[in-house]
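Novice: Can you keep this structure in mind? I'll have questions shortly.
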Amino acid sequence: MSGMIDALRQEDRDVPLTEDDISFIASIINIMCICGYAVVGVISEYLGRRKAITLISLPVCLTWILVYLAHDKVTLIFTRIILGISFGGILWVVYISVGEYKSPDVRVLYLNLISSVGTLVGVTTGHLLCIILHWRQVALIAIIPTALSAFLPLFWVESPVWLATKGRFEECEEAFWKLHVFSDSSENELRLLISYERQKQSERRSNPSRHFFGKKFLLTMNTKYFWKISAIASIVCICRVASGRVLFSTLAITMLHDITGTSDIFLFTLVLDGFVIIGSLLSWYFLNKFKIRQLFFTSGMVANVCLVTFSLCLYFYPGSDYYLSWIKISLLALYFVIQAAGTYPVLEGLLAEIFPVDLKTYFVVIIGLLAGTSQFLSVKLTPYIISRIGYHGLFLLNGGIIFFCMAYLWFSLPETKGRSLHEIEYYFKNNTFNYNEEFESTEKSSKLLVDNSCVEK
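Residue numbering for the sequence shown follows the UniProt record's numbering, beginning at 1 and increasing consecutively.
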């Protein structure tokens with residue numbers, strides 16, 4: 001609701017608010033996402049992925065009505081709290097579901113379609129509608145996609161991975177073949193999934209105390225692979241925040257007003273958001289053409305150079321000349337195009353791939369805590385950062401953070417393209433993808449993915 005935030009800053013606003021109130025309303029949705037991560041972690045663990053999306057979407061429909069009727073600060077803050085919980089939950093269950101529903105070859109493509117292309121189309125539509133219509137009317141329109149989000153999952157099949165974790169292997173196999181085309185690789189993926197989950201079922205029966213609630217998680221914390229995954233996921237979350245997509249989605253209209261120095265920003269918004277959507281569509285080609293590491297580091301470096309150039313342009317040419325404004329917007333659009341075409345889809349895909357299947361709920365809550373807090377601080381502190389170092393300083397700071405994140409991932413990020421979730425998990429536990437020898441017989445397959453430090457004792 002970038003339009004709502006901008007409208008609340010106007011002198012003729014119909015809700016009396018201070019600047020601190022507005023920044024809090026803009027940012028609280030991000031910190032409340034943390035609660036959404038925890039809620040959806042519990043719901044999806046016990047009820048499955050389909051019902052989790054439906055249940056977490058239903059409150060949003062009522063919340064949009066409250067936004068339309070809101071005329072005081074308390075109501076607006078309450079609606080942002082509910083939206084934050086729901087959006088946080090939907091975000092993570094989408095990551096989890098895409099990783100579990102789709103085959104390794106197309107997993108990142110479909111995740112990009114949903115979380116990048118779909119999200120950007122929604123953000124662009126919201127930006128343009130808020131320029132044309134009053135933000136209260138836009139809130140009512142938002143009920144339509146929210147209702148679809150609650151209704152459509154009822155017609156899905158359940159996640160094969162979730163069914164397998166519950167020991168429902170026949171249903172798992174049936175759901176798997178409804179979602180996959182029969183091939184040797186698909187058959188091998190299903191065999192790996194069922195063998196791994198049967199082994200875990202056997203472990204639970206032989207030593208149930210080690211798998212009671214959080215005890216298994218505490219045991220896993222003593223392993224090296226846990227901290228390796230946690231570090232990569234944390235850097236990915238920080239890089240996502242520094243890339244500015246969440247910040248721009250929240251404060252786009254206000255930022256464009258300030259950067260261009262004009263209130264007539266419809267064309268600027270249309271061009272900028274339109275190019276970002278084009279970048280997301282181009283990512284389908286790049287994700288098919290290149291390896292994950294190659295795409296991430298190449299596009300990330302080029303995009304960051306564009307961001308630093310944009311920052312320098314703001315510093316050396318602070319005027320609001322019409323043609324100069326177009327140069328600035330073009331540089332920003334080029335940055336977002338390259339980022340949307342390569343960098344961001346890879347980051348989104350990693351969050352759907354790297355978490356161990358049996359500890360996914362724990363990781364969602366822990367990494368979600370970091371992601372929600374960092375996004376909250378980003379949006380909340382941005383007005384103060386801009387008042388101290390300007391927009392040029394803000395974007396230059398983000399560029400420096402992105403360079404640091406890329407340097408860390410260069411040494412720690414494996415190539416995950418074409419790898420199943422269990423293969424990736426095996427890599428983090430054993431530092432190799434060569435698991436075939438352990439699947440030569442049923443007896444040897446029982447050793448797969450067993451953490452040696454947890455087997456001792």
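By construction, the Cβ of each residue, glycine as well, lies at the ideal position given by its N, Cα and C atoms.
These numbers were taken from a predicted model, which means no experiment stands behind them.
1. Within the chosen definition, does the stretch 347–357 reach the stretch 106–125 through at least 3 CB pairs nearer than 8 Å?
2. Suppose the cutoff is 7 Å on Cβ atoms and the five residues either side in sequence are ignored; what does the same chain contact list for PHE268 look like?
3. Distance check for THR262 and ARG388, CA to CA, integer angstroms please.
4. Any idea what DSSP makes of LYS417, helix, strand or coil?
5. Whether or not the stretch 286–295 and the stretch 227–243 are in contact is what I'm after, with contact meaning three or more pairs of Cβ atoms, one per stretch, closer than 8 Å; do they touch?
6. Are GLY279 and ALA341 close, meaning C-beta to C-beta below 7 Å?
7. In chain order, what residues of the same chain lie with their CB nearer than 7 Å to the CB of TYR315, ignoring the 5 residues before and after it?
8. In chain order, what residues of the same chain have a beta carbon less than 7 Å from the beta carbon of SER374, not counting five sequence neighbours either side?
9. Kindly indicate which three-state DSSP category ALA38 falls into: helix, strand or coil?
10. Using three-state DSSP, classify CYS255 as helix, strand or coil.
11. LYS228 by DSSP, collapsed to three states: which one?
12. Is DSSP giving ILE238 helix, strand or coil here?
13. Residues in the same chain with beta-carbon distance under 7 Å from TYR225, minus the five sequence neighbours each way, listed in chain order, please.
14. Whose C-beta lies closer than 7 Å to the C-beta of GLY244 among residues of the same chain, with five residues either side of it excluded?
15. Determine the DSSP secondary structure at GLU158, reduced to helix, strand or coil.
16. When burial is assigned at 16 or more other CB atoms within 10 Å of the CB, is TRP410 buried or exposed?
17. CB LEU324 to CB PHE395, shorter than 7 Å?
18. Cα separation between GLU45 and GLY400?
19. Taking 8 Å as the cut-off, does the stretch 14–28 touch the stretch 86–106 (at least 3 CB pairs, one atom from each stretch)?
20. Return the first residue and the last residue of the alpha helix (DSSP H) that ILE81 is part of.
21. Does DSSP classify THR442 as helix, strand or coil?
22. On the DSSP letters alone, give me the boundaries of the alpha helix (DSSP H) that ARG168 sits inside.
23. In this structure, does DSSP put ASN434 in helix, strand or coil?
24. Look at the alpha carbon of GLU443 and the alpha carbon of ASN431, and state the distance between them as a whole number of angstroms.
25. Alpha carbon to alpha carbon, how far is GLY48 from ILE56? Give it in angstroms, no decimals.
26. How is HIS422 classed by DSSP in three states: helix, strand or coil?
27. Give the DSSP-derived three-state secondary structure of MET221 in the structure shown.
28. Between the Cα of LEU193 and those of PHE310, GLY167, LEU152 and VAL40, spot the shortest distance and give me the residue it belongs to.
29. Expressed to the nearest angstrom, what Euclidean distance is found between the alpha-carbon atoms of SER202 and ALA164?
30. Using a Cβ-Cβ cutoff of less than 7 Å, which residues in the same chain neighbour PHE286 once the five nearest sequence positions on both sides are dropped?
31. Tell me the residue span of the alpha helix (DSSP H) that contains SER186.
32. Taking buried to mean at least 16 other C-beta atoms within 10 Å of its own C-beta, is ARG419 buried or exposed?
33. Just to confirm my understanding: we take GLU197, look at its own chain, exclude 5 residues before and 5 after, and list those with CB closer than 7 Å. What are they?
34. Check for me: the alpha helix (DSSP H) holding VAL67 runs from which residue to which?
35. Measure the CB-CB distance between PRO153 and THR54 and report whether it falls below 7 Å.
36. Terminal residues of the continuous alpha helix (DSSP H) containing HIS127?
Specialist: Working from what's here:
1. Contact between the stretch 347–357 and the stretch 106–125 is present, with at least three C-beta pairs closer than 8 Å.
2. LEU256, THR260 and ILE329
3. 22 Å
4. coil
5. no
6. yes
7. HIS392
8. CYS237, ILE238 and VAL241
9. helix
10. It is Met, not Cys, that sits at residue 255 in the sequence shown. In this structure, MET255 counts as helix in the three-state DSSP scheme.
11. Shown here, LYS228 sits in a helix according to DSSP, grouped into three states.
12. helix
13. PHE428 and LYS429
14. ASN398
15. coil
16. Exposed is the call here.
17. no
18. 38 Å
19. no
20. Where ILE81 is concerned, the enclosing alpha helix (DSSP H) stretches over 73–101.
21. In this predicted model, THR442 has a pLDDT of only 42, less than 50, meaning its place in the structure is not dependable enough to derive any value.
22. No alpha helix (DSSP H) contains ARG168, which DSSP labels as neither H nor E.
23. Looking at ASN434 - three-state DSSP - the assignment turns out to be coil, as it is neither helix nor strand.
24. Low confidence applies here, because GLU443 scores a pLDDT of 42, under 50, leaving its location unreliable and the question unanswered by this model.
25. 12 Å
26. helix
27. coil
28. Answer by Cα proximity: GLY167.
29. 13 Å
30. LEU295, ALA341 and GLY342
31. 184–206
32. buried
33. ALA164 and THR165
34. 49–69
35. For PRO153 and THR54, yes; Cβs fall inside 7 Å.
36. 119–132
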